[in-house]
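Notes to accompany the following structure.
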Amino acid sequence: MAWRPEREYRPAPPGAIGDVSQSLPWLHRLAAREDFWRLAVLVALALVWEGYGRWLDDDLLFPTFSQTVAALWTATVSGVLPLRTLASLETLAMGYAGGVALAAILTTFATSTRIGAALLTTLTAMFNPLPAIALLPLALLWFGLGTPSLVFVITHSVLWAVALNAHAGFRSVGPTLRKAGHTFGLTGWRYVAGILVPAAFPSILSGLKMGWAFAWRTLIAAELVFGASSSGGGLGWFIFEHRNQLLIAEVFAGLLTVIAIGLVVESLVFGTIERRTLDRWGMRR
Amino acid sequence: MSALPSSARRGEPMPSAGTASPLLAVRDVTIQYRTPDRLVTAVYDVSFDVLKGDRFVLLGPSGCGKSTLLGAVAGFLHPAAGTITLDGREVRDPGPDRMVVFQEFDQLLPWKTVRANVAYPMITSGRFDRRTALERADAFIAKVGLSAFADSHPHTLSGGMKQRVAIARALALEPAMLLMDEPFAALDALTRRKMQGELNELWEDTRFTLLFVTHSIEEAIVIGNRILVMTPHPGQVRAELDASGLGEADRGTPAFAQLERRIHGMLFGEAHG
Ligand SMILES: Nc1ncnc2c1ncn2[C@@H]1O[C@H](COP(=O)(O)OP(=O)(O)OP(=O)(O)O)[C@@H](O)[C@H]1O
Ligand SMILES: [Mg+2]
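The listed protein sequences derive, respectively, from chains W and P.
Residue 193 is where the first sequence starts when you use my numbering, and the numbers rise one by one after that.
Residue 23 is where the second sequence starts when you use my numbering, and the numbers rise one by one after that.
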């Protein structure tokens, strides 16, 4: 081996290197944002839709994006669409809240007792694969036509997804965090609320998201099935009604509203929660 | 700087007064694990006393039951035989009078900032009101040199910094006893050595009572004033040694090396099996 001299250097003092963490130019920051790219995808999809609609040129089968937006505007201004949307959201909120509350009770019971865990896993295995809509005929029999039946099926669709995810999340909380919680003297619900819930938050949140999607889906489907006979009627009924009158642009407007609400809730509500919690805590998987 | 002379210099009461009743008394403790198909004895008939202000080290080879014993003192496990009493009361459950610092870095609550992590057990245990807890949190974070990171979340800290936060969290609560299970084992050698020094400085500062688990002989001598040497599986007491004269600064001295050799002989066997 050739002889090499030893060397010692004098590293630059901390002040001399300048700003160690510099902010990037706005274009780079924009390109790093997920919502920017999602918006780009949405614009592209709208353009493709418009182009295809114009090329097909058949209002009855496939109205263009601009026709749909026009129909959306008219229906919104006339107050029909907001009314229907509000009716849907109200039912949805009730069913969702009911499902989440029941899931919370069931999961707490499952984490504290063995029989509770068995109950939860068995019930989930039984009912989770059962499409909520399949319960609708029974619900109609029990609760009659109207909101209670809808709330019942929505609750069913939310409950199992949320409970299953929350329970799996609780069980995956590591032994060190559990022990840490116990050395703090936390027991019972204070332990659940102080340690288990935040530690299992990624799972709980994904359960809530899944539950939300299931609820929304179930609601629209249920309204389409028997919306015709309920007096108030929601978005599903709005779609159904206009299809019967062959006002297809309005049908598309109704569907677009369903999608838009889904997107808004997903990116604004859940997205904000995720940024405020999982990202800040370094828990996003 | 070794512990005894400095304590004498400051004119504080000597930690081991000989006649004083022990803070922690472990008497004839046997601990077993019940697995689906067998009953494993992890610790067999262990007795020792920890006095107030002790830095008591449990030392032994991997798998000898150190963590098990510490877990029993913490209240996570219950002895199959024997008793563990703290201040005359039998230990039954985990509690904030025996704060534990674990080896794993994930013992901090990732959803809380460093300050909130340190303050949290002080608040939940009801021992301090919110304001005092936050003030104390800041003081102890400063003690471990992390003031600049008080508002950071744990996932942005290095392993050594996380252990410092865990130590600050435990000390700020003023527990009757601080339990540490190989808190520096997952750190690199350089950081580990620095943390050993810091722990000794903190002890000089606040004089907590420490029960410390390690499988490093050197670490045991540097940290401890009393060393319980345990035998391999199942863990029994091989010896209880005095290391009060030896600390940080004595690394490499003949006395240090001699004690090191003596313990080494006990652990890895001289003549007897
Ligand atoms: N959960 C468990 N179930 C069954 N046996 C266990 C369990 N935990 C530990 N043991 C047994 O108890 C013995 C002591 O384990 P313990 O974790 O206390 O060792 P340790 O001295 O802390 O070792 P290390 O230095 O590697 O951490 C081991 O030999 C192991 O076989
Ligand atoms: Mg261990």
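Just so it is clear, CB atoms sit at the ideal spot from N, CA and C, and this is done for glycine as well.
Beta-carbon neighbours of residue i, restricted to chain W and to distances below 8 Å
{"i": "P116 of chain P", "result": "K371, H374, T375, G377"}
Sub-8 Å separation of residue i and residue j beta-carbons
{"i": "L200 of chain P", "j": "T178 of chain P", "result": "no"}
{"i": "F162 of chain P", "j": "Q185 of chain P", "result": "no"}
{"i": "S395 of chain W", "j": "A441 of chain W", "result": "no"}
{"i": "G377 of chain W", "j": "P118 of chain P", "result": "yes"}
{"i": "L448 of chain W", "j": "F432 of chain W", "result": "no"}
{"i": "V72 of chain P", "j": "L46 of chain P", "result": "yes"}
{"i": "S370 of chain P", "j": "L193 of chain P", "result": "Because chain P spans 23 through 295 in this model, residue 370 of chain P falls outside it and cannot be assessed."}
{"i": "F228 of chain W", "j": "L237 of chain W", "result": "no"}
{"i": "A188 of chain P", "j": "V244 of chain P", "result": "no"}
{"i": "L356 of chain W", "j": "G399 of chain W", "result": "yes"}
{"i": "A172 of chain P", "j": "V136 of chain P", "result": "yes"}
{"i": "R191 of chain P", "j": "N139 of chain P", "result": "yes"}
{"i": "T283 of chain W", "j": "G426 of chain W", "result": "yes"}
{"i": "V354 of chain W", "j": "G291 of chain W", "result": "yes"}
{"i": "I53 of chain P", "j": "L108 of chain P", "result": "no"}
{"i": "V51 of chain P", "j": "P101 of chain P", "result": "yes"}
{"i": "I412 of chain W", "j": "G428 of chain W", "result": "yes"}
{"i": "L337 of chain W", "j": "L294 of chain W", "result": "no"}
{"i": "L264 of chain W", "j": "A445 of chain W", "result": "yes"}
{"i": "P143 of chain P", "j": "P176 of chain P", "result": "no"}
{"i": "A265 of chain P", "j": "I249 of chain P", "result": "yes"}
{"i": "Q280 of chain P", "j": "A208 of chain P", "result": "no"}
{"i": "A261 of chain P", "j": "M288 of chain P", "result": "yes"}
{"i": "W404 of chain W", "j": "V457 of chain W", "result": "yes"}
Buried versus exposed call for residue i [16 or more other C-beta atoms within 10 Å across all chains shown]
{"i": "R382 of chain W", "result": "exposed"}
{"i": "W195 of chain W", "result": "exposed"}
{"i": "E479 of chain W", "result": "For residue 479 of chain W there is no data in the structure shown, the boundaries of chain W being 193 and 477."}
{"i": "H286 of chain P", "result": "exposed"}
{"i": "P329 of chain W", "result": "exposed"}
{"i": "I106 of chain P", "result": "buried"}
{"i": "L239 of chain W", "result": "exposed"}
{"i": "A242 of chain P", "result": "buried"}
{"i": "S421 of chain W", "result": "No answer about S421 of chain W holds up, because its pLDDT of 49 lies below 50 and its placement is not dependable."}
{"i": "W218 of chain W", "result": "exposed"}
{"i": "A296 of chain P", "result": "There is no way to answer for residue 296 of chain P, as the model of chain P reaches only from 23 to 295."}
{"i": "T303 of chain W", "result": "buried"}
{"i": "A408 of chain W", "result": "Checking the displayed sequence, the identity of residue 408 of chain W turns out to be Trp instead of Ala. Buried, by the Cβ-count rule."}
{"i": "A310 of chain W", "result": "exposed"}
{"i": "V269 of chain W", "result": "exposed"}
{"i": "W334 of chain W", "result": "exposed"}
{"i": "N222 of chain P", "result": "buried"}
{"i": "W247 of chain W", "result": "exposed"}
{"i": "T277 of chain W", "result": "buried"}
{"i": "R152 of chain P", "result": "exposed"}
Cβ-Cβ separation, residue j to residue i (assumed contact under 8 Å), whole Å
{"i": "T236 of chain P", "j": "E282 of chain P", "result": "No, T236 of chain P and E282 of chain P are not in contact; Cβ-Cβ is about 13 Å, not under 8 Å."}
{"i": "V79 of chain P", "j": "F234 of chain P", "result": "5 Å"}
{"i": "L322 of chain W", "j": "L312 of chain W", "result": "About 16 Å separates the two Cβ atoms, so there is no contact after all."}
{"i": "A324 of chain W", "j": "T410 of chain W", "result": "4 Å"}
{"i": "P256 of chain P", "j": "T63 of chain P", "result": "5 Å"}
{"i": "T375 of chain W", "j": "A96 of chain P", "result": "6 Å"}
{"i": "F158 of chain W", "j": "T469 of chain W", "result": "As displayed, chain W neither begins before 193 nor continues past 477, which places residue 158 of chain W out of reach and without an answer."}
{"i": "A141 of chain P", "j": "A159 of chain P", "result": "4 Å"}
{"i": "G243 of chain W", "j": "P255 of chain W", "result": "Contact flag wrong, Cβ pair sits at about 13 Å."}
Under 7 Å from the C-beta of residue i: neighbouring residues of chain P
{"i": "G386 of chain W", "result": "T146"}
{"i": "G446 of chain W", "result": "Result: empty, since nearest Cβ-Cβ is about 40 Å, beyond 7 Å."}
{"i": "W195 of chain W", "result": "By Cβ distance, chain P contributes nothing, its closest Cβ being about 30 Å from W195 of chain W, past 7 Å."}
{"i": "G366 of chain W", "result": "D128"}
Within chain W, partners of residue i - CB distance below 7 Å
{"i": "R283 of chain P", "result": "Ordered by position in chain W, no residue passes the 7 Å Cβ test against R283 of chain P, which lies about 35 Å from the chain."}
Interface residues of chain W facing residue i [CB-CB closer than 9 Å]
{"i": "A96 of chain P", "result": "K371, H374, T375"}
Cross-chain neighbours of residue i in chain P, by beta carbon under 8 Å
{"i": "W473 of chain W", "result": "P132, W133, H175, H177"}
{"i": "R382 of chain W", "result": "T146"}
Where the segment 140-151 of chain P meets chain W: residues whose CB sits under 8 Å from a CB there: Considering only beta carbons, the part of the segment 140-151 of chain P lying closer than 8 Å to chain W consists of Y142, P143, T146, S147, in chain order.
Where the segment 174-189 of chain P meets chain W: residues whose CB sits under 8 Å from a CB there: Within the segment 174-189 of chain P, H175, P176, H177, T178 place their CB atoms closer than 8 Å to a CB of chain W, listed in sequence order.
Exercise. Would you list, in chain order, the members of the segment 388-408 of chain W that have their beta-carbon closer than 9 Å to a beta-carbon of chain P?
Key: Within the segment 388-408 of chain W, the residues whose Cβ lies closer than 9 Å to any Cβ of chain P are, in chain order, P390, A391, F393.
Taking any Cβ of chain W, which residues in the segment 98-131 of chain P have a Cβ under 9 Å from it, in chain order? Under the 9 Å Cβ criterion, the segment 98-131 of chain P contributes F98, D115, P116, G117, P118, D119, R120, M121, V122, F124, Q125, E126, F127, D128, Q129, L130, L131.
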